[in-house]
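Trainee: Would you mind keeping the following structure in view while I ask a few things?
Number of protein chains: 2
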Amino acid sequence: MQGFHFELQHTDPSGARAGLMTTPHGTVETPIFMPVGTRGTVKAMTVEDVRRSGASMVLGNTYHLFLRPGADLIERLGGLHRFMNWDGPILTDSGGFQVFSLGKLRTIGEEGVSFQSHIDGSKCFLSPEIVVKAQEQFGSDVMMQLDECPPFPSERKYVARSMELSVRWAARSKAARVPPEKSGQALFGIIQGGMEEDLRRASAEALVEIGFEGYAIGGLSVGEPKEIMQEVLSYAPDFLPKAQPRYLMGVGKPEDLLYAVGRGVDMFDCVMPTRNARNGHLFVDGDGGHVNIKQARFREDPSSLDASCGCGTCAHYSRAYLHHLYKNREILGIMLMTQHNVHYYQALMKGMRLAILEDRFEAYVKARLERRAEPLL
Amino acid sequence: MQGFHFELQHTDPSGARAGLMTTPHGTVETPIFMPVGTRGTVKAMTVEDVRRSGASMVLGNTYHLFLRPGADLIERLGGLHRFMNWDGPILTDSGGFQVFSLGKLRTIGEEGVSFQSHIDGSKCFLSPEIVVKAQEQFGSDVMMQLDECPPFPSERKYVARSMELSVRWAARSKAARVPPEKSGQALFGIIQGGMEEDLRRASAEALVEIGFEGYAIGGLSVGEPKEIMQEVLSYAPDFLPKAQPRYLMGVGKPEDLLYAVGRGVDMFDCVMPTRNARNGHLFVDGDGGHVNIKQARFREDPSSLDASCGCGTCAHYSRAYLHHLYKNREILGIMLMTQHNVHYYQALMKGMRLAILEDRFEAYVKARLERRAEPLL
Chain C
143 MQGFHFELQH TDPSGARAGL MTTPHGTVET PIFMPVGTRG TVKAMTVEDV RRSGASMVLG
203 NTYHLFLRPG ADLIERLGGL HRFMNWDGPI LTDSGGFQVF SLGKLRTIGE EGVSFQSHID
263 GSKCFLSPEI VVKAQEQFGS DVMMQLDECP PFPSERKYVA RSMELSVRWA ARSKAARVPP
323 EKSGQALFGI IQGGMEEDLR RASAEALVEI GFEGYAIGGL SVGEPKEIMQ EVLSYAPDFL
383 PKAQPRYLMG VGKPEDLLYA VGRGVDMFDC VMPTRNARNG HLFVDGDGGH VNIKQARFRE
443 DPSSLDASCG CGTCAHYSRA YLHHLYKNRE ILGIMLMTQH NVHYYQALMK GMRLAILEDR
503 FEAYVKARLE RRAEPLL
Chain L
143 MQGFHFELQH TDPSGARAGL MTTPHGTVET PIFMPVGTRG TVKAMTVEDV RRSGASMVLG
203 NTYHLFLRPG ADLIERLGGL HRFMNWDGPI LTDSGGFQVF SLGKLRTIGE EGVSFQSHID
263 GSKCFLSPEI VVKAQEQFGS DVMMQLDECP PFPSERKYVA RSMELSVRWA ARSKAARVPP
323 EKSGQALFGI IQGGMEEDLR RASAEALVEI GFEGYAIGGL SVGEPKEIMQ EVLSYAPDFL
383 PKAQPRYLMG VGKPEDLLYA VGRGVDMFDC VMPTRNARNG HLFVDGDGGH VNIKQARFRE
443 DPSSLDASCG CGTCAHYSRA YLHHLYKNRE ILGIMLMTQH NVHYYQALMK GMRLAILEDR
503 FEAYVKARLE RRAEPLL
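Listed in order, the protein sequences are those of chains C and L.
The first sequence begins at 143 in the numbering used here and counts up one residue at a time.
The second sequence begins at 143 in the numbering used here and counts up one residue at a time.
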């Protein structure tokens, strides 16, 4: 069993990092963006499509998979990789974010969180131990601890108590896991503390004291303004060990990724490229970075979505065709637009990595933002 | 411009035929099944998926494309092949079947048919000349004449008058077309006459007298019992010239294809493989030929859909995974199941062709029907 290992290859003058992350299912390059495969599928993509986009690692949602089809069933069928036919690394989240989003349907206690399934209303319970067990059954390459993710805004008192609970849950998660020497699986702690610098620092210190293979910054992209996210990112990554991967959960827009990589973050996931594609919102260079394919101006436009993009959708299809597919609710439209958006994100990450290795990250960010802002061709 | 040409390669003792059909977009082997790409996309398949399934020719619906995005727009964008990125042959139907299915929303006259668009209720008109023109704008390799398709059951008097109208429309279609030496496009006549042998014969004779590159048998698969379809097929193909392709429109189930090929039919199309896939109905060898993936018995079934199938879905995914995707309405489920069904149909056609070339068609049909009936593994 090949164990988990992170090698920091290079740090750009900006602080942006390039690394190699080795897992039981192969080595991936960082900074990395993981497309979200909520229920054991990156929506509207085959695994071949995912590979072709340049993605090398995907994320699965423990909450969704735990409820249906269930961790026991996935284990009996040979684990999540085999179930979904993806042989690259998989990170699974802890379900915390989804459960806490249920609002009144859940109750948090010291032991864990009780909630009603969004599928059938049945009573369910997640504890740090149950969540680790489920991810071991999935066979995830990177497991995440159960944490509590406070909404924005929250009172400082609540955020502090919540952060301390997440730290205790982190310790219990580590105690519950099969030793990594045996499983090969990594377990990441998640720092919380809301938008309060001292709480973020305390959270990070406590988690590093417990000791994990990597650390995530949780509790961002929960509705706070961009300036506040950037403020937290101005200090939080520095609380984390240099030698280990740093993962910013649930983020984000291309400009967020450019910013966070510059702050020394290595890993990302977000539903944005896949979800936006299903709504006809496409990421492009030019036009402020976005195209809404349903607009009538694309009805007869023979040009490709993004002339500078190397994806199959841009190589072979016109905006007029994508507009036509979207207006007719054709599944192929969702497929082709998802492929484009995921490819766009992957190309962005590859561009950042190359720039880091060549010590020109800040110039890359500037050029990229300018290109996105240009008028659409 | 490579013109249209049909070469009858071999006729099996049963009467089943193997041939080669050459079009401006390449040569295809017959008997052939054309997946239906209604609006310029075979639903939930990329063109690469279509190719991989073994399909070499697709069908487009003139009615749908005429209404949206419109024949003028498709022409300005370089034709249907370029619009949808399919470089193989395309047959387009005439829209007749769709228009006549509108019931009270349409009025038939000698000149053509008036109807209300199902999209926005606007008034539209199709004539034989308009339909030929639209298909010339699409750049279809095989165009179909506008015909009237009577419902089942219909009175003999109505069927006779309707058939005669379709013959007059056939003559007008031929008169309206760009000469095939110039366009390379083929135009097929459609024999009608309902379930009446003498009307079918009269229709065929009149169309052959006018002269087309191929002939279709229309007006079947309109709700009649299987025995009646087989009765019409017991005589209708024999009314048609041996040297030209015969196309049975809108048919059908695997057992219908086995029967009709045995009666000397060369070409087919049907929405069944694609539409059934979207509803979780899969064609397999065994279990009576059908699997309904939503059944609870597949929830934890690690085996592939059809052990004898060579498609990517059967190679890489379990019934349990497909069941999971279906239950969660994941688009990937539709994609993988569509790929399987279309591949199943193509493999069936390839099996028939090989058997014809080896003079063992009837044994093949028998074995294939027996295999379909076997209990599911």
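Using N, Cα and C, we set each Cβ at its ideal position, and we do this for glycine too.
Everything numeric in this text was worked out from a predicted model, so none of it was measured.
How is L:S325 classed by DSSP in three states: helix, strand or coil?
Mentor: Along the second sequence, read from residue 1 onward, the residue named residue 325 of chain L stands at position 183. Three-state DSSP puts L:S325 in a helix.
Trainee: Who are the near neighbours of L:A419 in its chain, counting only those whose CB is closer than 6 Å to its CB and skipping five residues on each side?
Mentor: Translated into the one-based positions of the second sequence, residue 419 of chain L becomes position 277. Contacts found: M479, T480 and N483.
Trainee: Can you tell me the Cβ-Cβ gap for L:F257 and L:L247, rounded? I've got them flagged as a contact below 8 Å.
Mentor: Translated into positions along the second sequence, residue 257 of chain L becomes position 115. Translated into positions along the second sequence, residue 247 of chain L becomes position 105. About 6 Å; that satisfies the 8 Å criterion.
Trainee: Do L:V393 and L:S363 come within 7 Å of each other at the CB atom, strictly closer than that value?
Mentor: Within the second sequence, numbered from 1, the residue matching residue 363 of chain L stands at position 221. Within the second sequence, numbered from 1, the residue matching residue 393 of chain L stands at position 251. The answer is yes: Cβ separation under 7 Å.
Trainee: Given a threshold of 16 other Cβ atoms within 10 Å of its Cβ, counted over all protein chains shown, does C:Q144 qualify as buried or as exposed?
Mentor: Sequence index remark: in the first sequence, residue 144 of chain C carries index 2 (1-based). Label assigned to C:Q144: exposed.
Trainee: Residues of chain L with CB closer than 8 Å to the CB of C:L219, please, in chain order.
Mentor: One-based indexing of the first sequence puts residue 219 of chain C at position 77. In chain order: E442, P444, S460, A462 and Y463.
Trainee: Could you round the C-beta distance between L:R159 and L:I498 to whole angstroms and report it? I think they count as a contact, below 8 Å.
Mentor: Reading the second sequence from its first residue, position 17 is the one you call residue 159 of chain L. Reading the second sequence from its first residue, position 356 is the one you call residue 498 of chain L. 7 Å between Cβ atoms; contact.
Trainee: Please check the pair C:L209 and C:G182, which I expect to be a contact at CB under 8 Å, by giving their CB distance rounded to whole angstroms.
Mentor: On the first sequence, position 67 is the one that residue 209 of chain C refers to. On the first sequence, position 40 is the one that residue 182 of chain C refers to. The Cβ separation is near 12 Å, so there is no contact.
Trainee: Name the chain C residues whose beta carbon is nearer than 9 Å to that of L:K185?
Mentor: Position 43 of the second sequence, counted from the first residue, corresponds to residue 185 of chain L. Correct list: E472, I473 and L474.
Trainee: Could you work out which residues of chain L lie near C:L467, taking near to mean beta carbons separated by less than 9 Å?
Mentor: Taking the first sequence and counting its residues from 1, one reaches residue 467 of chain C at position 325. Going along chain L in sequence order, the residues near C:L467 (Cβ under 9 Å) are R181, G182 and T183.
Trainee: Whose Cβ in chain C lies nearer than 8 Å to the Cβ of L:L215?
Mentor: Here the question's residue 215 of chain L lines up with position 73 in the second sequence. Per Cβ cutoff of 8 Å: R441, E442 and A462.
Trainee: When Cβ atoms are compared, which residues of the stretch 222-241 of chain C fall closer than 9 Å to chain L?
Mentor: From the stretch 222-241 of chain C, only R224, F225, M226 and N227 have a Cβ closer than 9 Å to chain L.
Trainee: What residue does the beta strand (DSSP E) around C:T204 start on, and which one ends it?
Mentor: Within the first sequence, the letter at position 62 stands for residue 204 of chain C. Note, C:T204: premise wrong, no beta strand (DSSP E); alpha helix (DSSP H) at T204 to L209.
Trainee: Does the beta-carbon of L:L162 have 16 or more other beta-carbons within 10 angstroms, so that it is buried, or is it exposed?
Mentor: Numbered from 1 along the second sequence, position 20 holds the residue referred to as residue 162 of chain L. When all chains shown are included, L:L162 counts as exposed.
Trainee: Could you give the residue range of the alpha helix (DSSP H) that holds C:C456?
Mentor: Residue 456 of chain C sits at position 314 when you count from the first residue of the first sequence. Unbroken alpha helix (DSSP H) run through C:C456: G454 to H458.
Trainee: Taking only runs of the beta strand (DSSP E) that begin and end inside the stretch 157-232 of chain L, which ones reach a length of at least 3 residues, in chain order?
Mentor: Listed in chain order, the complete beta strand (DSSP E) runs (minimum 3 residues) inside the stretch 157-232 of chain L are 159-165, 168-172, 174-177 and 200-202.
Trainee: Using the three-state DSSP reduction, which class does L:Q258 fall into: helix, strand or coil?
Mentor: What you label residue 258 of chain L is simply residue 116 of the second sequence in a count that begins at 1. Of the three classes helix, strand and coil, the one that applies to L:Q258 here is strand, per DSSP.
Trainee: What do you get for C:L349, buried or exposed, if any count of 16 or more other CB atoms within 10 angstroms of its CB means buried?
Mentor: For the purposes of this step, residue 349 of chain C is taken as the residue at position 207 of the first sequence. Classification for C:L349: buried.
Trainee: Report yes or no: is there a C-beta of chain L within less than 7 Å of the C-beta of C:P177?
Mentor: Position 35 of the first sequence, counting from 1, holds the residue named residue 177 of chain C. No, its Cβ sits nowhere closer than 7 Å to a Cβ of chain L.
Trainee: Using 7 Å as the limit for Cβ to Cβ distance, is L:P415 near chain D?
Mentor: This model lacks chain D altogether, as its protein chains are C and L.
Trainee: Indicate whether L:G179 and L:T204 have their beta-carbon atoms separated by less than 7 Å.
Mentor: Your numbering for residue 179 of chain L matches position 37 in the second sequence. Your numbering for residue 204 of chain L matches position 62 in the second sequence. No; because the gap between Cβ atoms is not below 7 Å, this pair is not in contact.
Trainee: Give every residue of the same chain whose Cβ lies closer than 7 Å to the Cβ of C:A313, excluding the five residues on either side of it in the sequence, and list them in chain order.
Mentor: Indexing the first sequence from 1 puts residue 313 of chain C at position 171. Here the set comprises I352.
Trainee: Please list the segments of the alpha helix (DSSP H) lying wholly inside the stretch 396-428 of chain C, counting only runs of 4 or more residues, in order along the chain.
Mentor: Complete alpha helix (DSSP H) runs here, min 4: 396-404 and 414-420.
Trainee: Can you name the residues of chain C whose CB is closer than 7 Å to the CB of L:T204?
Mentor: Here residue 204 of chain L corresponds to residue number 62 of the second sequence, with the count starting at 1. Simply none; closest approach about 15 Å.
Trainee: Using a Cβ-Cβ distance under 7 Å, would C:P295 count as near chain L?
Mentor: In the first sequence, the residue the question calls residue 295 of chain C occupies position 153. Output row for C:P295: interface = no.
Trainee: Please list the partners that L:R210 has in chain C, where partner means a Cβ-to-Cβ separation under 9 Å.
Mentor: By 1-based counting over the second sequence, the position of residue 210 of chain L is 68. Those within 9 Å of L:R210 in chain C are H466, K469 and N470.
Trainee: Looking only at its chain, what residues have a beta carbon closer than 6 Å to the beta carbon of L:I370, apart from the 5 residues adjacent to it on each side?
Mentor: For this step, residue 370 of chain L is matched to residue 228 along the second sequence. Result list for L:I370: M337, in chain order.
Trainee: Measuring only the C-alpha atoms, how far is L:R514 from L:Y506?
Mentor: Numbered from its first residue, the second sequence carries residue 514 of chain L at position 372. Numbered from its first residue, the second sequence carries residue 506 of chain L at position 364. L:R514 and L:Y506: Cα-Cα distance of roughly 12 Å.
Trainee: Taking the straight line between their C-alpha atoms, what separation do you get for L:G230 and L:L464?
Mentor: Start at 1 with the first residue of the second sequence, and residue 230 of chain L comes out as number 88. Start at 1 with the first residue of the second sequence, and residue 464 of chain L comes out as number 322. Distance between the alpha carbons of L:G230 and L:L464 is about 30 Å.
Trainee: I need the DSSP call for L:G107, collapsed to helix, strand or coil.
Mentor: This structure cannot settle anything about residue 107 of chain L, because the visible part of chain L is limited to 143 through 519.
Trainee: Could you name the residues that DSSP lists as bridge partners for C:L268?
Mentor: Stepping through the first sequence from its first residue, residue 268 of chain C is reached at position 126. BP columns for C:L268 point to C:V255.
Trainee: For the alpha helix (DSSP H) containing C:F503, list its first residue and its last residue.
Mentor: By 1-based counting over the first sequence, the position of residue 503 of chain C is 361. Unbroken alpha helix (DSSP H) run through C:F503: F503 to A515.
Trainee: Between C:A302, C:G168 and C:S243, which has its C-alpha nearest C:H147's C-alpha?
Mentor: As a first step, residue 147 of chain C must be located in the first sequence, where it is residue number 5. Nearest of C:A302, C:G168 and C:S243 to C:H147, Cα basis: C:G168.
Trainee: Could you pull the start and end residues of the beta strand (DSSP E) that C:L349 belongs to?
Mentor: As a working note, residue 349 of chain C is residue 207 in the first sequence. From DSSP, C:L349 is part of no beta strand (DSSP E) but of the alpha helix (DSSP H) over E339 to I352.
Trainee: Near L:E373, which residues of its chain fall below 8 Å by C-beta distance, leaving aside the five closest residues on each side in sequence?
Mentor: Start at 1 with the first residue of the second sequence, and residue 373 of chain L comes out as number 231. The residues are M337.
Trainee: Which residues in chain L have a C-beta closer than 9 Å to the C-beta of C:M479? List them in chain order.
Mentor: Looking up residue 479 of chain C in the first sequence gives position 337. In chain order: nothing, as chain L lies at least about 12 Å away.
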